[in-house]
Amino acid sequence: MKPEEEQQLIQIAQMYYMENKTQSEIAKELHIHRSTISRLLKLSRQEGIVEITIHGLHDQNFPLENRLKERYHLKYVGVVTCTEGLTRDQRSIILANKTNAYFQTILEDHMVLGFSWGATLRQVANHLTNLAQHTPLMCVPLMGGSSGRIRSDYHVNAVTYEASRNLDCGAILVDAPAYVESASLKDSFMTSDFMKSITEYWHKVDIAFLGVGSPNVTMNKWRYFYGNDFFKEVEQGKVAGDIAGHYFDIHGTYLSDTLDTHLISINKTDLARIPYRIGIAESLEKVDAIRGALQGRYINCLITTQETAKALLNSANL
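Under the UniProt record's numbering, the first residue of the sequence shown is numbered 1, with each subsequent residue one higher.
So this is what it looks like as structure tokens:
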């Protein structure tokens with residue numbers, strides 16, 4: 001390898017692994033195609049410029065991961081350590097990198113990838129990579145959008161599109177709100193040819209990337225989606241959290257079919273059959289929501305922080 005080629009690999013590796021820049025950001029800055037960045041990152045590992053260490057028994061989070069995996073019968077648990085003083089975005093980036101590391105181990109050709117919405121999911125989409133260059137892949141939203149009432153980059157379409165850009169693959173976007181005013185309006189959306197094409201993909205999703213909503217954290221965002229009837233159940237203390245618009249109590253019990261007649265989202269049956277349902281969430285405020293998602297089997301993989309993992313284990317023993 002020529003010295004200038006080695007220097008380029010070092011530069012790209014440093015930007016990606018040390019500066020937490022996405023492949024798209026690096027491609028734009030260096031005026032190189034995004035797929036070339038992916039290939040050069042893979043080459044940097046093959047040439048020994050980058051060495052990835054997987055911590056096992058000596059990792060302080062390994063026992064936590066095993067206990068959570070056993071307690072909730074999960075396929076995978078990834079626990080990260082976040083130091084004090086980190087911003088929410090910084091914590092989300094750490095979770096996103098952990099998610100991508102696991103993603104590399106399960107990604108195969110011809111997979112369909114599904115996404116929900118939110119701040120954490122946006123970071124996940126930003127940091128997904130296709131190091132082995134699997135093809136073809138397809139990214140799809142798992143629910144309708146938020147009608148412009150949240151940050152545009154948290155919108156399910158923005159998340160889905162950003163993931164497809166970083167993975168250099170196709171995407172289909174949803175042209176419908178998450179929550180509509182009547183059952184008849186939902187029927188009109190769901191029977192359109194466009195929505196039929198999306199629901200066909202919902203039957204085929206292989207990996208779902210899912211945020212976990214909580215009334216303790218996302219109350220105002222939920223109000224935008226669901227309206228006052230929903231908040232009657234919140235006030236009665238029933239709602240612990242939601243996954244892709246499906247809400248449940250702390251035991252994971254699905255609370256009401258009322259919203260189903262208004263909700264445009266992957267249905268519970270299709271969600272349950274997805275082989276990898278990866279929940280990415282953290283914070284003490286979300287412990288009840290995450291616990292409910294685990295108990296109800298809405299997710300079968302979990303990426304979270306050490307602090308949250310300990311709280312989940314403690315709450316399970318109550």
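Ideal Cβ positions, reconstructed from N, Cα and C, are used throughout, including at glycine.
Boundaries (first-last residue) of the alpha helix (DSSP H) holding residue i
i           : result
residue 305 : Looking at the DSSP string, residue 305 is not in any alpha helix (DSSP H); the run it does join, the beta strand (DSSP E), is 301–305.
residue 163 : 156–167
residue 127 : 119–127
residue 40  : 34–46
residue 72  : 62–72
Where residue i sits in the DSSP three-state scheme
i           : result
residue 86  : coil
residue 254 : strand
residue 178 : coil
residue 137 : coil
residue 259 : helix
residue 173 : coil
residue 298 : coil
residue 243 : strand
residue 144 : coil
residue 24  : helix
residue 287 : helix
residue 265 : strand
Cβ neighbours of residue i in the same chain (closer than 7 Å, five flanking residues each side left out)
i           : result
residue 160 : 115, 139, 140, 141, 171, 173
residue 82  : 91, 94, 305
residue 128 : 100, 103, 163, 166, 167
residue 195 : 176, 189
residue 251 : 292, 295
Rounded separation between residue i and residue j - CA only
i           : j           : result
residue 101 : residue 198 : 28 Å
residue 272 : residue 296 : 10 Å
residue 71  : residue 279 : 16 Å
residue 57  : residue 67  : Model confidence at residue 57 stands at a pLDDT of 48, short of 50, so the residue's coordinates are unreliable and nothing is read from them.
residue 176 : residue 154 : 16 Å
residue 65  : residue 9   : 33 Å
residue 298 : residue 274 : 10 Å
residue 78  : residue 98  : 7 Å
residue 74  : residue 209 : 15 Å
residue 85  : residue 191 : 48 Å
residue 48  : residue 259 : 53 Å
residue 17  : residue 35  : 17 Å
residue 80  : residue 60  : 10 Å
residue 3   : residue 76  : 41 Å
residue 7   : residue 107 : 30 Å
residue 212 : residue 313 : 18 Å
residue 270 : residue 200 : 10 Å
residue 1   : residue 51  : 18 Å
residue 130 : residue 287 : 31 Å
Buried or exposed (CB count within 10 angstroms, at least 16 for buried), residue i
i           : result
residue 186 : buried
residue 183 : exposed
residue 277 : buried
residue 21  : buried
residue 23  : buried
residue 262 : buried
Other residues of its chain near residue i: CB distance less than 8 Å, five sequence neighbours each side excluded
i           : result
residue 123 : 89, 92, 93, 95, 96
residue 204 : 112
residue 268 : 246, 254
residue 320 : The question about residue 320 has no answer, for the chain in this structure spans 1 to 318.
residue 152 : 158
Continuous beta strand (DSSP E) stretch holding residue i: start and end
i           : result
residue 278 : 276–280
residue 207 : 207–210
residue 113 : 112–115
residue 76  : 76–80
Cβ shell of residue i (< 6 Å), same chain only, five flanking positions each side left out
i           : result
residue 282 : 304, 305, 308
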